[in-house]
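Structure (C-alpha coordinates):
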(Lines of atoms letter the chains of each structure in order from A; the text may use other names.)
(Lines give C-alpha, C1' and ligand atoms only; values in the text may rest on other atoms or scores of the structure.)
Protein backbone atom coordinates (compact mmCIF):
# COMPACT_ATOMS: atom_id res chain seq x y z
CA UNK A 350 0.00 0.00 0.00
CA UNK A 351 2.84 2.38 0.90
CA UNK A 352 4.58 1.59 -2.37
CA UNK A 353 1.38 2.30 -4.31
CA UNK A 354 0.89 5.71 -2.69
CA UNK A 355 4.57 6.54 -3.12
CA UNK A 356 4.42 5.63 -6.79
CA UNK A 357 1.21 7.61 -7.20
CA UNK A 358 2.76 10.75 -5.69
CA UNK A 359 6.19 10.45 -7.29
CA UNK A 360 5.10 9.56 -10.83
CA UNK A 361 3.64 13.02 -11.68
CA UNK A 362 6.85 14.67 -10.45
CA UNK A 363 9.08 12.38 -12.50
CA UNK A 364 6.96 12.90 -15.63
CA UNK A 365 7.00 16.69 -15.30
CA UNK A 366 9.30 18.27 -17.93
CA UNK A 367 11.03 20.41 -15.30
CA UNK A 368 12.21 17.23 -13.56
CA UNK A 369 14.05 16.16 -16.71
CA UNK A 370 15.63 19.61 -17.03
CA UNK A 371 16.88 19.52 -13.43
CA UNK A 372 18.19 15.95 -13.74
CA UNK A 373 20.01 17.00 -16.91
CA UNK A 374 21.66 19.84 -15.01
CA UNK A 375 22.62 17.62 -12.08
CA UNK A 376 24.21 15.07 -14.43
CA UNK A 377 26.30 17.81 -16.04
CA UNK A 378 27.41 19.12 -12.64
CA UNK A 379 28.32 15.56 -11.62
CA UNK A 380 30.44 15.22 -14.77
CA UNK A 381 32.26 18.43 -13.86
CA UNK A 382 32.91 17.18 -10.32
CA UNK A 383 34.22 13.86 -11.68
CA UNK A 384 36.45 15.70 -14.14
CA UNK A 385 37.72 17.88 -11.31
CA UNK A 386 38.42 15.07 -8.84
CA UNK A 387 39.03 11.96 -10.96
CA UNK A 388 40.27 13.47 -14.22
CA UNK A 389 37.48 11.87 -16.26
CA UNK A 390 35.96 13.22 -18.46
CA UNK A 391 39.03 15.11 -19.67
CA UNK A 392 39.09 18.89 -19.34
CA UNK A 393 39.01 19.20 -23.15
CA UNK A 394 35.79 17.18 -23.22
CA UNK A 395 34.26 19.40 -20.52
CA UNK A 396 35.22 22.47 -22.55
CA UNK A 397 33.46 20.88 -25.52
CA UNK A 398 30.35 20.25 -23.43
CA UNK A 399 30.46 23.87 -22.22
CA UNK A 400 30.63 25.07 -25.82
CA UNK A 401 27.58 22.97 -26.67
CA UNK A 402 25.69 24.46 -23.72
CA UNK A 403 26.64 28.03 -24.66
CA UNK A 404 25.51 27.56 -28.25
CA UNK A 405 22.36 25.79 -27.02
CA UNK A 406 21.41 28.97 -25.14
CA UNK A 407 21.63 30.89 -28.41
CA UNK A 408 19.78 28.03 -30.09
CA UNK A 409 16.85 28.27 -27.65
CA UNK A 410 16.18 31.80 -28.87
CA UNK A 411 16.59 30.70 -32.48
CA UNK A 412 14.21 27.80 -31.87
CA UNK A 413 11.58 30.20 -30.55
CA UNK A 414 12.11 32.60 -33.45
CA UNK A 415 12.08 30.00 -36.24
CA UNK A 416 10.09 27.12 -34.77
CA UNK A 417 7.29 29.13 -33.16
CA UNK A 418 7.22 32.56 -34.81
CA UNK A 419 8.29 31.29 -38.24
CA UNK A 420 10.77 34.14 -38.70
CA UNK A 421 14.19 33.68 -40.30
CA UNK A 422 17.40 35.31 -39.09
CA UNK A 423 21.02 35.01 -40.12
CA UNK A 424 22.20 37.68 -37.70
CA UNK A 425 22.73 35.37 -34.75
CA UNK A 426 26.52 35.46 -34.99
CA UNK A 427 26.66 39.24 -34.77
CA UNK A 428 24.21 39.45 -31.87
CA UNK A 429 26.08 36.79 -29.89
CA UNK A 430 29.47 38.31 -30.62
CA UNK A 431 28.29 41.74 -29.52
CA UNK A 432 27.32 40.34 -26.12
CA UNK A 433 30.73 38.70 -25.75
CA UNK A 434 32.64 41.84 -26.71
CA UNK A 435 30.62 44.09 -24.40
CA UNK A 436 31.48 41.79 -21.49
CA UNK A 437 35.14 41.77 -22.50
CA UNK A 438 35.35 45.55 -22.87
CA UNK A 439 33.54 46.46 -19.65
CA UNK A 440 35.45 44.00 -17.49
CA UNK A 441 38.81 44.84 -19.03
CA UNK A 442 38.56 48.62 -19.43
CA UNK A 443 35.96 50.03 -17.04
CA UNK A 444 36.05 47.85 -13.93
CA UNK A 445 32.28 48.07 -13.50
CA UNK A 446 30.57 45.26 -11.55
CA UNK A 447 29.89 42.06 -13.47
CA UNK A 448 26.13 42.34 -12.89
CA UNK A 449 26.13 45.83 -14.45
CA UNK A 450 27.89 44.41 -17.50
CA UNK A 451 25.20 41.75 -17.81
CA UNK A 452 22.45 44.39 -17.61
CA UNK A 453 24.16 46.44 -20.33
CA UNK A 454 24.31 43.40 -22.63
CA UNK A 455 20.63 42.64 -22.02
CA UNK A 456 19.65 46.28 -22.68
CA UNK A 457 21.61 46.39 -25.96
CA UNK A 458 20.11 43.02 -26.98
CA UNK A 459 16.59 44.30 -26.35
CA UNK A 460 17.24 47.43 -28.44
CA UNK A 461 18.59 45.29 -31.30
CA UNK A 462 15.62 42.93 -31.04
CA UNK A 463 13.12 45.80 -31.19
CA UNK A 464 14.91 47.29 -34.21
CA UNK A 465 14.91 44.00 -36.13
CA UNK A 466 11.31 43.36 -35.03
CA UNK A 467 10.17 46.62 -36.62
CA UNK A 468 12.05 45.73 -39.79
CA UNK A 469 10.24 42.36 -39.87
CA UNK A 470 6.90 44.19 -40.18
CA UNK A 471 7.95 45.45 -43.61
CA UNK A 472 9.70 42.39 -45.01
CA UNK A 473 9.73 38.67 -44.29
CA UNK A 474 11.00 35.33 -45.53
CA UNK A 475 14.32 35.22 -47.34
CA UNK A 476 14.47 39.02 -47.54
CA UNK A 477 14.30 39.30 -43.75
CA UNK A 478 17.08 36.72 -43.47
CA UNK A 479 19.23 38.80 -45.85
CA UNK A 480 18.59 41.99 -43.83
CA UNK A 481 19.65 40.27 -40.59
CA UNK A 482 22.68 38.91 -42.43
CA UNK A 483 23.51 42.49 -43.38
CA UNK A 484 23.25 43.59 -39.74
CA UNK A 485 25.50 40.72 -38.72
CA UNK A 486 28.05 41.72 -41.36
CA UNK A 487 28.04 45.32 -40.06
CA UNK A 488 28.73 44.00 -36.56
CA UNK A 489 31.46 41.71 -37.91
CA UNK A 490 33.22 44.69 -39.49
CA UNK A 491 32.98 46.51 -36.16
CA UNK A 492 34.47 43.47 -34.41
CA UNK A 493 37.33 43.39 -36.90
CA UNK A 494 38.19 47.08 -37.14
CA UNK A 495 37.20 48.81 -33.88
CA UNK A 496 40.39 47.86 -32.08
CA UNK A 497 39.73 49.95 -28.97
CA UNK A 498 36.48 48.08 -28.32
CA UNK A 499 37.10 44.56 -29.58
CA UNK A 500 40.87 44.25 -29.93
CA UNK A 501 40.44 43.93 -33.69
CA UNK A 502 41.76 40.76 -35.35
CA UNK A 503 43.65 39.89 -32.17
CA UNK A 504 40.39 39.51 -30.26
CA UNK A 505 39.31 40.43 -26.75
CA UNK A 506 39.90 38.73 -23.42
CA UNK A 507 38.53 39.13 -19.90
CA UNK A 508 38.46 37.41 -16.52
CA UNK A 509 35.45 37.17 -14.26
CA UNK A 510 36.15 39.06 -11.01
CA UNK A 511 33.54 37.19 -8.99
CA UNK A 512 35.74 34.07 -9.03
CA UNK A 513 39.31 35.25 -9.54
CA UNK A 514 39.41 38.54 -7.65
CA UNK A 515 36.75 38.10 -4.98
CA UNK A 516 37.23 34.40 -4.20
CA UNK A 517 40.90 34.20 -5.11
CA UNK A 518 40.42 31.18 -7.39
CA UNK A 519 42.96 30.23 -10.02
CA UNK A 520 42.10 30.49 -13.71
CA UNK A 521 41.49 26.72 -13.97
CA UNK A 522 39.34 26.53 -10.84
CA UNK A 523 37.44 29.64 -11.88
CA UNK A 524 36.63 28.00 -15.20
CA UNK A 525 35.31 24.90 -13.44
CA UNK A 526 33.12 27.05 -11.18
CA UNK A 527 31.88 28.96 -14.22
CA UNK A 528 30.81 25.67 -15.79
CA UNK A 529 28.42 25.09 -12.89
CA UNK A 530 27.04 28.63 -13.31
CA UNK A 531 26.60 27.89 -17.02
CA UNK A 532 24.62 24.72 -16.25
CA UNK A 533 22.34 26.63 -13.86
CA UNK A 534 21.72 29.28 -16.53
CA UNK A 535 20.92 26.63 -19.17
CA UNK A 536 18.43 24.81 -16.91
CA UNK A 537 16.81 28.12 -15.90
CA UNK A 538 16.42 29.19 -19.55
CA UNK A 539 15.03 25.77 -20.49
CA UNK A 540 12.31 26.21 -17.86
CA UNK A 541 11.57 29.79 -18.98
CA UNK A 542 11.48 28.84 -22.67
CA UNK A 543 9.31 25.79 -22.05
CA UNK A 544 6.77 27.93 -20.18
CA UNK A 545 6.76 30.51 -22.96
CA UNK A 546 6.24 27.89 -25.66
CA UNK A 547 3.34 26.25 -23.80
CA UNK A 548 1.68 29.54 -22.84
CA UNK A 549 -0.84 31.63 -24.77
CA UNK A 550 2.15 33.54 -26.14
CA UNK A 551 3.54 30.38 -27.73
CA UNK A 552 0.14 29.52 -29.21
CA UNK A 553 -0.16 33.04 -30.63
CA UNK A 554 3.30 32.67 -32.19
CA UNK A 555 2.29 29.39 -33.84
CA UNK A 556 -0.89 30.98 -35.19
CA UNK A 557 1.20 33.83 -36.61
CA UNK A 558 3.61 31.32 -38.14
CA UNK A 559 0.84 29.33 -39.83
CA UNK A 560 -0.99 32.37 -41.24
CA UNK A 561 -0.43 36.03 -40.45
CA UNK A 562 -3.79 37.06 -41.90
CA UNK A 563 -5.67 34.41 -39.89
CA UNK A 564 -3.75 35.39 -36.76
CA UNK A 565 -4.67 39.05 -37.22
CA UNK A 566 -8.30 38.05 -37.78
CA UNK A 567 -8.21 36.34 -34.37
CA UNK A 568 -6.98 39.55 -32.77
CA UNK A 569 -3.30 38.62 -32.51
CA UNK A 570 -1.08 41.70 -32.74
CA UNK A 571 1.58 41.16 -35.39
CA UNK A 572 3.64 44.05 -34.02
CA UNK A 573 3.60 42.78 -30.45
CA UNK A 574 4.53 39.18 -31.16
CA UNK A 575 7.13 39.83 -33.84
CA UNK A 576 8.85 42.31 -31.55
CA UNK A 577 8.67 39.78 -28.72
CA UNK A 578 10.08 36.98 -30.91
CA UNK A 579 13.08 39.01 -32.01
CA UNK A 580 13.69 40.47 -28.56
CA UNK A 581 13.75 36.97 -27.06
CA UNK A 582 16.06 35.75 -29.81
CA UNK A 583 18.55 38.62 -29.41
CA UNK A 584 18.42 38.44 -25.60
CA UNK A 585 19.21 34.71 -25.70
CA UNK A 586 22.03 35.47 -28.16
CA UNK A 587 23.31 38.15 -25.77
CA UNK A 588 23.21 35.71 -22.85
CA UNK A 589 25.10 33.21 -24.99
CA UNK A 590 27.72 35.89 -25.64
CA UNK A 591 27.98 36.61 -21.91
CA UNK A 592 28.51 32.94 -21.15
CA UNK A 593 30.98 32.59 -24.03
CA UNK A 594 33.26 35.33 -22.71
CA UNK A 595 32.67 34.38 -19.06
CA UNK A 596 33.66 30.75 -19.60
CA UNK A 597 36.23 30.87 -22.39
CA UNK A 598 37.62 34.29 -21.50
CA UNK A 599 38.46 35.14 -25.12
CA UNK A 600 36.64 36.03 -28.34
CA UNK A 601 37.89 36.92 -31.81
CA UNK A 602 36.09 38.02 -35.00
CA UNK A 603 36.54 34.54 -36.49
CA UNK A 604 34.07 33.22 -33.90
CA UNK A 605 31.25 35.39 -35.30
CA UNK A 606 31.20 34.83 -39.05
CA UNK A 607 28.29 33.72 -41.23
CA UNK A 608 29.46 30.14 -40.66
CA UNK A 609 28.40 30.35 -37.02
CA UNK A 610 24.86 31.45 -37.95
CA UNK A 611 24.59 28.70 -40.57
CA UNK A 612 25.92 26.05 -38.18
CA UNK A 613 23.40 27.12 -35.55
CA UNK A 614 20.61 26.97 -38.13
CA UNK A 615 21.80 23.48 -39.08
CA UNK A 616 21.83 22.43 -35.41
CA UNK A 617 18.25 23.59 -34.87
CA UNK A 618 17.03 21.88 -38.05
CA UNK A 619 18.83 18.62 -37.23
CA UNK A 620 17.52 18.49 -33.67
CA UNK A 621 14.03 19.84 -34.28
CA UNK A 622 12.88 23.42 -34.74
CA UNK A 623 10.33 23.27 -31.91
CA UNK A 624 12.19 21.27 -29.27
CA UNK A 625 14.58 22.35 -26.53
CA UNK A 626 16.05 18.85 -26.32
CA UNK A 627 16.34 18.85 -30.09
CA UNK A 628 18.31 22.09 -29.97
CA UNK A 629 20.75 20.60 -27.45
CA UNK A 630 21.13 17.41 -29.51
CA UNK A 631 21.63 19.42 -32.70
CA UNK A 632 24.25 21.64 -31.07
CA UNK A 633 25.97 18.54 -29.72
CA UNK A 634 26.17 17.04 -33.22
CA UNK A 635 27.30 20.23 -34.96
CA UNK A 636 29.53 21.79 -32.30
CA UNK A 637 30.32 19.02 -29.83
CA UNK A 638 31.21 15.79 -31.61
CA UNK A 639 34.62 16.98 -32.81
CA UNK A 640 36.02 18.43 -29.53
CA UNK A 641 34.42 15.80 -27.29
CA UNK A 642 34.90 12.57 -29.27
CA UNK A 643 36.51 13.01 -32.70
CA UNK A 644 39.60 14.82 -31.40
CA UNK A 645 41.10 11.47 -30.39
CA UNK A 646 40.43 9.85 -33.78
CA UNK A 647 43.29 10.68 -36.16
CA UNK A 648 41.28 10.48 -39.41
CA UNK A 649 38.47 12.73 -38.17
CA UNK A 650 40.89 15.14 -36.50
CA UNK A 651 42.93 15.54 -39.68
CA UNK A 652 39.95 15.62 -42.05
CA UNK A 653 37.59 18.26 -40.68
CA UNK A 654 35.66 18.30 -43.96
CA UNK A 655 34.17 14.91 -43.06
CA UNK A 656 32.13 16.44 -40.22
CA UNK A 657 30.69 19.11 -42.50
CA UNK A 658 29.81 16.46 -45.06
CA UNK A 659 28.06 14.43 -42.35
CA UNK A 660 26.07 17.47 -41.24
CA UNK A 661 25.07 18.13 -44.85
CA UNK A 662 23.82 14.57 -45.27
CA UNK A 663 21.87 14.81 -42.00
CA UNK A 664 20.18 18.03 -43.09
CA UNK A 665 19.17 16.54 -46.44
CA UNK A 666 17.76 13.37 -44.85
CA UNK A 667 15.90 15.26 -42.12
CA UNK A 668 14.32 17.77 -44.51
CA UNK A 669 13.27 14.95 -46.83
CA UNK A 670 11.95 12.48 -44.27
CA UNK A 671 11.77 14.02 -40.78
CA UNK A 672 11.10 17.74 -40.90
CA UNK A 673 10.53 17.67 -37.14
CA UNK A 674 14.20 16.74 -36.70
CA UNK A 675 15.77 13.91 -34.72
CA UNK A 676 13.23 14.52 -31.96
CA UNK A 677 10.46 13.48 -34.35
CA UNK A 678 12.45 10.36 -35.28
CA UNK A 679 12.81 9.40 -31.61
CA UNK A 680 9.10 10.08 -31.04
CA UNK A 681 8.15 7.89 -34.01
CA UNK A 682 10.39 5.08 -32.74
CA UNK A 683 8.78 5.26 -29.27
CA UNK A 684 5.29 5.24 -30.80
CA UNK A 685 6.27 2.27 -32.96
CA UNK A 686 7.48 0.36 -29.88
CA UNK A 687 4.22 1.14 -28.05
CA UNK A 688 2.16 -0.09 -31.00
CA UNK A 689 4.24 -3.27 -31.25
CA UNK A 690 3.72 -3.96 -27.53
CA UNK A 691 -0.01 -3.31 -27.86
CA UNK A 692 -0.23 -5.74 -30.78
CA UNK A 693 1.73 -8.35 -28.84
CA UNK A 694 -0.60 -8.01 -25.84
CA UNK A 695 -3.61 -8.24 -28.14
CA UNK A 696 -2.21 -11.37 -29.77
CA UNK A 697 -1.40 -12.95 -26.40
CA UNK A 698 -4.49 -12.04 -24.37
CA UNK A 699 -7.08 -11.02 -26.93
CA UNK A 700 -9.28 -7.93 -26.81
CA UNK A 701 -10.47 -6.66 -23.44
CA UNK A 702 -14.20 -6.79 -23.01
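Residue numbers (my numbering): 350 to 702.
Idealized CB from N, CA, C, for every residue including glycine.
Between the alpha carbons of residue 697 and residue 687, how many angstroms are there, rounded?
To locate residue 697, count along the chain shown from 1; it is residue 348. To locate residue 687, count along the chain shown from 1; it is residue 338. The alpha-carbon atoms of residue 697 and residue 687 are separated by roughly 15 angstroms.
Within a Cβ cutoff of 7 angstroms, which residues of the same chain sit near residue 676, ignoring the five residues on either side of it in sequence?
By one-based count along the chain shown, residue 676 stands at place 327. Cβ neighbours of residue 676 beyond the five flanking positions: 620, 621, 624, 626, 627.
For a minimum of 4 consecutive residues, which ranges assigned as the alpha helix (DSSP H) are wholly contained in the region 540 to 605?
With a minimum length of 4 residues, the continuous alpha helix (DSSP H) runs that stay inside the region 540 to 605 are 549 to 559, 561 to 566, 571 to 597.
Name the DSSP bridge partner or partners of residue 458?
Start at 1 with the first residue of the chain shown, and residue 458 comes out as number 109. Answer by DSSP bridge pairing: none, since residue 458 is not bridged.
In the DSSP assignment, find the unbroken alpha helix (DSSP H) run with residue 654 in it and report its ends.
The residue given as residue 654 occupies position 305 in the chain shown. Element bounds for residue 654: 654 to 670.
Quick one: measure Cβ to Cβ for residue 406 and residue 535, integer angstroms, because I've assumed they're closer than 8 angstroms.
Taking the first residue of the chain shown as position 1, residue 406 is located at position 57. Taking the first residue of the chain shown as position 1, residue 535 is located at position 186. That pair is a contact at about 6 angstroms.
Would you identify the three-state DSSP class for residue 506, choosing helix, strand or coil?
In the chain shown, residue 506 corresponds to position 157, counting from 1. Residue 506: strand per DSSP, three-state reduction.
For residue 505 versus residue 438, is the C-beta spacing smaller than 8 angstroms?
Position 156 of the chain shown holds residue 505. Position 89 of the chain shown holds residue 438. Yes, they are a contact pair.
Looking at the secondary structure, which residues open and close the alpha helix (DSSP H) in which residue 626 lies?
For the purposes of this step, residue 626 is taken as residue 277 along the chain shown, with counting starting at 1. Counting along the chain, the alpha helix (DSSP H) containing residue 626 begins and ends at 625 to 632.
Going straight from the alpha carbon of residue 434 to that of residue 392, what length do you get?
Here residue 434 refers to the residue found at position 85 when the chain shown is read from its first residue. Here residue 392 refers to the residue found at position 43 when the chain shown is read from its first residue. Each residue's alpha carbon lies about 25 angstroms from the other.
Assuming contact is defined by CB atoms lying nearer than 8 angstroms, are residue 436 and residue 425 in contact in what I supplied?
Mapped onto the chain shown, residue 436 falls at position 87. Mapped onto the chain shown, residue 425 falls at position 76. The answer is no: Cβ separation not under 8 angstroms.
Do you know how far the Cα of residue 368 is from the Cα of residue 490?
In the chain shown, residue 490 corresponds to position 141, counting from 1. In the chain shown, residue 368 corresponds to position 19, counting from 1. Approximately 43 angstroms between the Cα atoms of the pair.
Taking 8 angstroms as the cut-off, decide whether the C-beta atoms of residue 704 and residue 557 are in contact.
Lying outside 350 to 702, the shown extent of the chain, residue 704 is not represented and no answer is given.
By DSSP, does residue 405 sit in helix, in strand, or in coil?
Along the chain shown, one-based indexing puts residue 405 at 56. Three-state result, residue 405: helix.
List the whole-angstrom C-beta distance separating residue 587 from residue 465, where the pair is believed to meet the contact cut-off of C-beta under 8 angstroms.
Here residue 587 refers to the residue found at position 238 of the chain shown. Here residue 465 refers to the residue found at position 116 of the chain shown. So it is not a contact: roughly 13 angstroms between Cβ atoms.
Residue 374 to residue 532, Cα distance in whole Å?
If you number the chain shown from 1, residue 374 lands on position 25. If you number the chain shown from 1, residue 532 lands on position 183. Distance between the alpha carbons of residue 374 and residue 532: 6 angstroms.
Taking only the alpha-carbon atoms, compute the straight-line gap between residue 552 and residue 546 and give it to the nearest angstrom.
The sequence position of residue 552 within the chain shown is 203, counting from 1. The sequence position of residue 546 within the chain shown is 197, counting from 1. Between residue 552 and residue 546, the C-alpha separation is close to 7 angstroms.
Among 537, 370, 446, which has the Cα closest to the Cα of residue 508?
For the purposes of this step, residue 508 is taken as the residue at position 159 of the chain shown. When only C-alpha atoms are compared, the closest one is 446.
Can you tell me where the alpha helix (DSSP H) holding residue 482 begins and where it ends?
What you label residue 482 is simply residue 133 of the chain shown in a count that begins at 1. It spans 475 to 494 - the alpha helix (DSSP H) in which residue 482 sits, taken as one unbroken run.
Kindly indicate which three-state DSSP category residue 710 falls into: helix, strand or coil?
Nothing can be reported for residue 710: it is not among the residues displayed for the chain, which extend from 350 to 702.
Residue 389 by DSSP, collapsed to three states: which one?
Walking along the chain shown from the start, residue 389 turns up at place 40. Coil.
Check for me: the alpha helix (DSSP H) holding residue 650 runs from which residue to which?
Taking the chain shown and counting its residues from 1, the one referred to as residue 650 is at position 301. 647 to 651 is the span of the alpha helix (DSSP H), which, as asked, contains residue 650.
In terms of alpha-carbon separation, which member of 493, 596, 467 lies closest to residue 570?
Mapped onto the chain shown, residue 570 falls at position 221. The shortest C-alpha separation from residue 570 is found at 467.
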